[in-house]
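J.: When we follow numbering that gives the first Met the number 0, the leftmost residue of the sequence shown carries the number 0, and every step to the right adds one. We treat Cβ as the ideally placed atom computed from N, Cα and C, and that holds for glycine. In this text the structure is predicted, and so the values were computed from the model without any measurement.
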Amino acid sequence: MEKLSSDAPKQWGKMNVNQMLAHCNASLETAMGITSSERVGLVARLFGKLLKPTFFGEKPFPKNSATDQSYIINGNPDFEEEKAKVIRQIQQFAEGGAQKCTTNIHAFFGKLTPTEWATMQWKHFDHHLRQFNA
0 MEKLSSDAPK QWGKMNVNQM LAHCNASLET AMGITSSERV GLVARLFGKL
50 LKPTFFGEKP FPKNSATDQS YIINGNPDFE EEKAKVIRQI QQFAEGGAQK
100 CTTNIHAFFG KLTPTEWATM QWKHFDHHLR QFNA
């Protein structure tokens with residue numbers, strides 16, 4: 000995150016770097032239980048259970064992966080504010096260990112362990128850092 004600059008060009012996708020930082024902040028807030036996401040319908044939950052092993056596997060997230068509507072950031076958030084916030088939240092999440100992970104149900108995947116929440120965040124951040132060549 001420290002390597003990101005406000006003019007970092009995206010390699011794929013629709014978000015600019017400012018939106019990506021706000022998007023990652025929203026994701027961390029869900030993982031830490033600060034916010035919660037709404038449950039999706041039964042068909043999506045069943046599909047989520049089928050995809051869970053692949054999603055949490057070793058392969059990185061594919062480019063242009065679909066984004067849940069609740070995590071799409073509109074406008075142009077302040078780069079420095081979002082960057083400072085995401086760095087602070089990453090530190091809180093990492094230092095908090097399993098206790099920092101929410102016990103809320105994931106909207107798509109259902110109940111997740113602290114290890115699964117941590118894996119999801121790592122893979123998510125890796126995906127977006129590659130998106131902006133950081």
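So F107 packs on G47, CB below 8 Å; how close in whole Å?
T.: Numbered from its first residue, the sequence shown carries residue 107 at position 108. Numbered from its first residue, the sequence shown carries residue 47 at position 48. F107 to G47, Cβ: 4 Å. Contact.
J.: Is G12 helix, strand or coil by DSSP?
T.: The residue given as residue 12 occupies position 13 in the sequence shown. Residue state, collapsed to three classes: coil.
J.: Assuming L134 is part of the alpha helix (DSSP H), what are its boundary residues?
T.: Lying before the first or after the last residue shown, residue 134 is absent from the chain, which here runs from 0 to 133.
J.: Could you give the distance in angstroms between the alpha-carbon of C23 and the alpha-carbon of V85?
T.: Numbered from its first residue, the sequence shown carries residue 23 at position 24. Numbered from its first residue, the sequence shown carries residue 85 at position 86. One C-alpha to the other measures close to 7 Å.
J.: Going along the chain, which residues of its own chain have a beta-carbon closer than 7 Å to the beta-carbon of E81, five neighbours each way excluded?
T.: As a first step, residue 81 is located in the sequence shown; it is residue number 82 there, counting from the start. Once the five neighbours on either side are set aside, the close Cβ partners of E81 are N17, L20, A21, N24.
J.: Where do the ends of the alpha helix (DSSP H) carrying E80 lie?
T.: Here residue 80 corresponds to residue number 81 of the sequence shown, with the count starting at 1. Element bounds for E80: 78-95.
J.: Mapping the DSSP letters down to three states, classify G109 as helix, strand or coil.
T.: Here residue 109 refers to the residue found at position 110 of the sequence shown. Taken through DSSP and simplified to helix, strand or coil, G109 comes out as strand.
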